[in-house]
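With positions in the sequence shown counted from 1, the corresponding number in our numbering is that position plus 4. Glycine included, every Cβ here is placed at the ideal spot set by N, Cα and C.
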Amino acid sequence: MSKSNKIFVNQSGYYPSDLKKAVLNFPAESFSVVTADGSEIFKGKCTRFGYDRASGDEVYIADFSALTTDGEYRISAGGEISPKFSVGGNVNKKLFRDVMRAYYYLRCGMELTPEHAGKFTHAACHTANAVDWLDHNIEKDVSGGWHDAGDYGRYVTPGAVACAQLLYAYILYPKAAGSLCMNIPESGGECPYPKNSGSHKMNIPESGSKLPDWLAECRYELDWLLKMQKPDGSVYHKATTAQHARFVMPEHDREQMYLLPVSSMATADFAAVCALASRVYKPFDPDYSAILLRAAEKTAVWLAKNPQFVGFMNPEGCGTGGYGEGGDKDNRFWAFAELYSATGKREYHQAMQSYLVYDFSRTEMGVGSVGGLGALSYILCENPDKNMEFDGAFREMFYSHARRVKWLSSRSGYSCALTEREYNWGSNMGLMKNAMVCAIADTVCKTDEFRDTAKTQLDVLMGVNAVGVSYVTGNGEFAYSHPHLRPAFADGIEECIPGMVSGGPNSHPAEREARQFIPEGTPPMKCYVDRMEFYSINEITIYWNSPAAFTLAFLENDALACARSDK
Ligand code: 9MR
Ligand code: ZN
Numbered sequence: 005m006s007k008s009n010k011i012f013v014n015q016s017g018y019y020p021s022d023l024k025k026a027v028l029n030f031p032a033e034s035f036s037v038v039t040a041d042g043s044e045i046f047k048g049k050c051t052r053f054g055y056d057r058a059s060g061d062e063v064y065i066a067d068f069s070a071l072t073t074d075g076e077y078r079i080s081a082g083g084e085i086s087p088k089f090s091v092g093g094n095v096n097k098k099l100f101r102d103v104m105r106a107y108y109y110l111r112c113g114m115e116l117t118p119e120h121a122g123k124f125t126h127a128a129c130h131t132a133n134a135v136d137w138l139d140h141n142i143e144k145d146v147s148g149g150w151h152d153a154g155d156y157g158r159y160v161t162p163g164a165v166a167c168a169q170l171l172y173a174y175i176l177y178p179k180a181a182g183s184l185c186m187n188i189p190e191s192g193g194e195c196p197y198p199k200n201s202g203s204h205k206m207n208i209p210e211s212g213s214k215l216p217d218w219l220a221e222c223r224y225e226l227d228w229l230l231k232m233q234k235p236d237g238s239v240y241h242k243a244t245t246a247q248h249a250r251f252v253m254p255e256h257d258r259e260q261m262y263l264l265p266v267s268s269m270a271t272a273d274f275a276a277v278c279a280l281a282s283r284v285y286k287p288f289d290p291d292y293s294a295i296l297l298r299a300a301e302k303t304a305v306w307l308a309k310n311p312q313f314v315g316f317m318n319p320e321g322c323g324t325g326g327y328g329e330g331g332d333k334d335n336r337f338w339a340f341a342e343l344y345s346a347t348g349k350r351e352y353h354q355a356m357q358s359y360l361v362y363d364f365s366r367t368e369m370g371v372g373s374v375g376g377l378g379a380l381s382y383i384l385c386e387n388p389d390k391n392m393e394f395d396g397a398f399r400e401m402f403y404s405h406a407r408r409v410k411w412l413s414s415r416s417g418y419s420c421a422l423t424e425r426e427y428n429w430g431s432n433m434g435l436m437k438n439a440m441v442c443a444i445a446d447t448v449c450k451t452d453e454f455r456d457t458a459k460t461q462l463d464v465l466m467g468v469n470a471v472g473v474s475y476v477t478g479n480g481e482f483a484y485s486h487p488h489l490r491p492a493f494a495d496g497i498e499e500c501i502p503g504m505v506s507g508g509p510n511s512h513p514a515e516r517e518a519r520q521f522i523p524e525g526t527p528p529m530k531c532y533v534d535r536m537e538f539y540s541i542n543e544i545t546i547y548w549n550s551p552a553a554f555t556l557a558f559l560e561n562d563a564l565a566c567a568r569s570d571k
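So this is what it looks like as structure tokens:
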């Protein structure tokens, strides 16, 4: 099937009860849904949406929500045919498994074996000691954790945020996250699916242990984060070589690894995720939980003693990711919210409240802006003396943010809540963060108002977009397959490592050469090209996968709950 780019569908699929809207960028009166053998199973009229700003197209909608029969289909209209898609309760199993399993493929410091990695194996990488950038006499083992992205750096703020998003997903959506079997080395837990029944299994090395696979994978990052703490409680900003590696396999990147100076953002984010994890891991491994909490509280002492902002800029000679931030109030707010939640201590509660006088978003929760993680932490906190006014206010903020997302989505021909200005580097993170806000609002406000909006944002990621691309490797008939990801290029394997979320369309590409493919003035949603060399368009990162994993956990949790109550 060649790609015609006229009719756009979620190439992964639709749950039976989903809203199901294909988007057409040409006028058509009617459409039909056809099965693999070409027989028509459903017919409907197209409606005109009108001009869609982000794509620059006049679009038409083919609504087939009434089709609830399981199957594999295509939409046919005006002589055009869509990519294939499925309807059914299991449509997202592979996607969910792959998006979470991507973290296993990004593991640093251990061999990826054929047993778990299939053909995408590599030897243990980056195992040599790292040297403190400021004091070369200090040498330390900081092996482990996930490679951040297409590069081999390991940065504390993105690592803490991605890991925390996954841990919050585990807390909020335990049916889905808690039971996902990944077959990683540490795997375990009772899987609700029949053994070896299909591709949703994670097959990571931990599969088989008493820790749910989801948490085993997160622990791989947490163990690394713990190594990034200095004896005084502060935390190095990142562990990277001086410059990004060439496009070689990770084990062939033998440059000296450095520990770059402490930042207060890294330190606060570290405290937050360690305190959070100490709660999550307690029932499974009290000793590990105690280690995490001790590390978090040691950091709290440093934070209290050092109230001034310690930002980060690459020192001369270092050219890896900067991840600088303009302030650390949101990071500290999140840290003390989690510390209070984990310990119930008044001093942490007061410290948390002291940051509420500052003006940062209480619902943003990506790298660079984590106030929303603090608010979510407070909502989830079970301490009897928590301030119910704050709690209520935070829930209300998620609710009103979700209402705005829903409204923005209703104004888009593609039901995409991103505004035209938001198609920047990593726009798919914005897309999926909007879905996360919807998921959180419904979950913490006990409403059912935003689930469909969360799903339609996933639809955009999976093909309901003006370029007809599925932005997750290995998933969908027209999935992108040339990520800016070193091993994906250097392994020489034609097939791409699955489950990686692309940064997505960027109307201000950093690479001049990208203008050959994306002329100036291209509508934002079309500012995309599947080429490995364009890092500002087609890179992957651990914190672009995590909001997608979170959203899928939300949707799958629902689907699993329904499937069970049907029985
Ligand atoms: O996403 C980041 C983008 O907003 C910055 O402009 C860019 C340049 O510093 O860095 C991006 O983040 C990259 C990081 O520096 C290194 N790892 C991969 C990240 C995604 O491209
Ligand atoms: Zn590595």
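Between Gly-326 and the ligand 9MR, is the CB less than 7 Å from at least one heavy atom? For the purposes of this step, residue 326 is taken as residue 322 along the sequence shown, with counting starting at 1. Yes, Cβ of Gly-326 sits closer than 7 Å to a heavy atom of the ligand 9MR.
For a test of your reading of the model: does the CB of Gly-478 fall under 7 Å from any non-hydrogen atom of the ligand ZN? Yes or no. Along the sequence shown, read from residue 1 onward, the residue named residue 478 stands at position 474. Incorrect: Gly-478 has no Cβ contact closer than 7 Å to the ligand ZN.
Taking 7 Å as the cut-off, is the C-beta of Cys-185 nearer than that to any heavy atom in the ligand ZN? On the sequence shown, position 181 is the one that residue 185 refers to. Not so, every heavy atom of the ligand ZN lies at least 7 Å from the Cβ.
If you drop the 5 nearest sequence neighbours on each side, which residues of the same chain put their C-beta closer than 7 Å to that of Val-95? Walking along the sequence shown from the start, residue 95 turns up at place 91. The residues are Ser-16, Gly-17, Tyr-18, Tyr-19.
Within the present structure, is the beta-carbon of Cys-50 separated from the nearest heavy atom of the ligand ZN by less than 7 Å? Position 46 of the sequence shown, counting from 1, holds the residue named residue 50. Checking the Cβ of Cys-50 against the ligand ZN gives no.
CB of Asp-273 to nearest heavy atom of the ligand 9MR: below 7 Å? Locating residue 273 in the sequence shown gives position 269, counting from the first residue. Flag unset: Cβ of Asp-273 not near the ligand 9MR.
Alpha helix (DSSP H) segments (min. 4 residues) lying fully within the stretch 475-501: 490-494
Per DSSP, Arg-78 is paired with what? Numbered from its first residue, the sequence shown carries residue 78 at position 74. Answer by DSSP bridge pairing, in chain order: Val-38.
Element boundaries [alpha helix (DSSP H), containing Tyr-172]: Your numbering for residue 172 matches position 168 in the sequence shown. 160-176 is the span of the alpha helix (DSSP H), which, as asked, contains Tyr-172.
So, do the stretch 475-482 and the stretch 80-89 have three or more beta carbon pairs nearer to each other than 8 Å? yes
Between the C-alpha atoms of Thr-131 and Lys-231, what's the straight-line distance to the nearest angstrom? As a working note, residue 131 is residue 127 in the sequence shown. As a working note, residue 231 is residue 227 in the sequence shown. Answer to the nearest angstrom: the Cα atoms are 13 Å apart.
Could you pull out every residue in the same chain whose Cβ sits closer than 8 Å to the Cβ of Gly-323, ignoring the five residues on either side in sequence? Position 319 of the sequence shown, counting from 1, holds the residue named residue 323. Contacts found: Ala-246, Gln-247, His-248.
Going by C-alpha distance, which of Trp-338, Val-266, Lys-214 is nearest Pro-287? Taking the sequence shown and counting its residues from 1, the one referred to as residue 287 is at position 283. Looking at the Cα atoms, Lys-214 is the closest of the given residues.
Per DSSP, cross-strand counterpart(s) of Leu-556: Position 552 of the sequence shown holds residue 556. In DSSP, Leu-556 forms no bridge with anything.
Would you tell me roughly how many angstroms separate the C-alpha atoms of Ile-65 and Ala-166, rounded to the nearest one? Position 61 of the sequence shown, counted from the first residue, corresponds to residue 65. Position 162 of the sequence shown, counted from the first residue, corresponds to residue 166. In a straight line, the C-alpha of Ile-65 is about 35 Å away from that of Ala-166.
Would you decide whether Val-566 is buried or exposed? Buried here means 16 or more other CB atoms lie within 10 Å of its CB. For this step, residue 566 is matched to residue 562 along the sequence shown. One point to set straight first is that residue 566 is Cys, not Val, in the sequence displayed. With fewer than 16 Cβ atoms within 10 Å of its Cβ, Cys-566 is classed as exposed.
Taking Ser-373 and Ala-341 to be in contact with their CB atoms under 8 Å, please state how far apart those CB atoms are, rounded to whole angstroms. The sequence position of residue 373 within the sequence shown is 369, counting from 1. The sequence position of residue 341 within the sequence shown is 337, counting from 1. At roughly 15 Å, the Cβ-Cβ gap does not stay under 8 Å, so Ser-373 and Ala-341 are not in contact.
Using a threshold of 8 Å, state whether the C-beta atoms of Val-37 and Phe-46 are closer than that. Here residue 37 is taken as the residue at index 33 of the sequence shown, counted from 1. Here residue 46 is taken as the residue at index 42 of the sequence shown, counted from 1. Yes, the pair counts as a contact, with Cβ atoms nearer than the cut-off.
Could you pull the start and end residues of the beta strand (DSSP E) that Gly-54 belongs to? The sequence position of residue 54 within the sequence shown is 50, counting from 1. Here the beta strand (DSSP E) through Gly-54 covers 44-56.
Met-5, buried or exposed, once every other Cβ within 10 Å from all chains shown has been counted against 16: Here residue 5 is taken as the residue at index 1 of the sequence shown, counted from 1. Exposed, by the Cβ-count rule.
For the alpha helix (DSSP H) containing His-512, list its first residue and its last residue. What you label residue 512 is simply residue 508 of the sequence shown in a count that begins at 1. Taken as a continuous stretch (DSSP letters only), His-512 belongs to no alpha helix (DSSP H), as it is neither H nor E.
Could you tell me which residues DSSP puts in a beta bridge with Val-473? As a position in the sequence shown, residue 473 is number 469, starting the count at 1. According to DSSP, which records beta bridges pairwise, Val-473 is partnered with nothing at all.
Measure the alpha-carbon distance for Lys-333 versus Gln-354 and round it to whole angstroms. The count along the sequence shown starts at 1 and reaches residue 333 at position 329. The count along the sequence shown starts at 1 and reaches residue 354 at position 350. Approximately 14 Å, taken between the alpha carbons.
Mind checking who Tyr-240 pairs with in its DSSP beta bridge? As a first step, residue 240 must be located in the sequence shown, where it is residue number 236. According to DSSP, which records beta bridges pairwise, Tyr-240 is partnered with Val-266.
Compare the Cα-Cα distances from Leu-229 to each of Gly-148, Ala-294, Gly-48 and report the closest residue. Against the sequence shown, residue 229 aligns to sequence position 225. Leu-229 has its Cα closest to that of Gly-148, out of Gly-148, Ala-294, Gly-48.
Quick one: Cα of Thr-447 to Cα of Thr-555, how far? The residue you call residue 447 lines up with position 443 of the sequence shown. The residue you call residue 555 lines up with position 551 of the sequence shown. Computed Cα separation, rounded: 12 Å.
To the nearest angstrom, how far is it from the Cα of Asp-74 to the Cα of Lys-49? As a first step, residue 74 must be located in the sequence shown, where it is residue number 70. As a first step, residue 49 must be located in the sequence shown, where it is residue number 45. If you take the alpha carbons of Asp-74 and Lys-49, they lie about 21 Å apart.
Roughly how many angstroms separate the alpha carbons of Gly-378 and Arg-223, rounded to a whole number? The residue you call residue 378 lines up with position 374 of the sequence shown. The residue you call residue 223 lines up with position 219 of the sequence shown. Near 21 Å, if we compare the C-alpha coordinates of Arg-223 and Gly-378.
Helix, strand or coil for Met-466, going by three-state DSSP, please let me know. Numbered from its first residue, the sequence shown carries residue 466 at position 462. In the structure shown, Met-466 sits in coil (DSSP, three-state: anything other than H, G, I, E or B).
How big is the Cα-Cα spacing for Leu-559 and Val-91? Translated into positions along the sequence shown, residue 559 becomes position 555. Translated into positions along the sequence shown, residue 91 becomes position 87. Distance between the alpha carbons of Leu-559 and Val-91 is about 14 Å.
Assuming Tyr-240 and Ile-546 make a contact with CB atoms under 8 Å, what is their CB distance in whole Å? Position 236 of the sequence shown, counted from the first residue, corresponds to residue 240. Position 542 of the sequence shown, counted from the first residue, corresponds to residue 546. With 8 Å as the limit, Tyr-240 and Ile-546 do not qualify as a contact, their Cβ atoms being about 18 Å apart.
Closest by C-alpha distance to Asp-155, when choosing among Lys-390, Phe-124, Met-536, Phe-100: Here residue 155 refers to the residue found at position 151 of the sequence shown. Residue Met-536 is the option with its Cα nearest to Asp-155.
Are the stretch 389-408 and the stretch 439-446 touching, with three or more C-beta to C-beta distances below 8 Å? yes
Between Pro-491 and the ligand ZN, is there a pair consisting of the residue's CB and a ligand heavy atom that are separated by less than 7 Å? In the sequence shown, counting from the first residue as 1, residue 491 sits at position 487. Result no, Cβ not under 7 Å from the ligand ZN.
Please classify Lys-205: is it buried, with 16 or more other beta-carbons within 10 angstroms of its beta-carbon, or exposed? Numbered from 1 along the sequence shown, position 201 holds the residue referred to as residue 205. Note that Lys-205 has pLDDT 47, beneath the 50 cutoff, so the model's placement of it is unreliable and the number below is only indicative. Per the 10 Å Cβ criterion, buried.
Extract the residue ranges of the alpha helix (DSSP H) inside the stretch 417-451, only unbroken runs of 4 or more that lie entirely within it. 431-449
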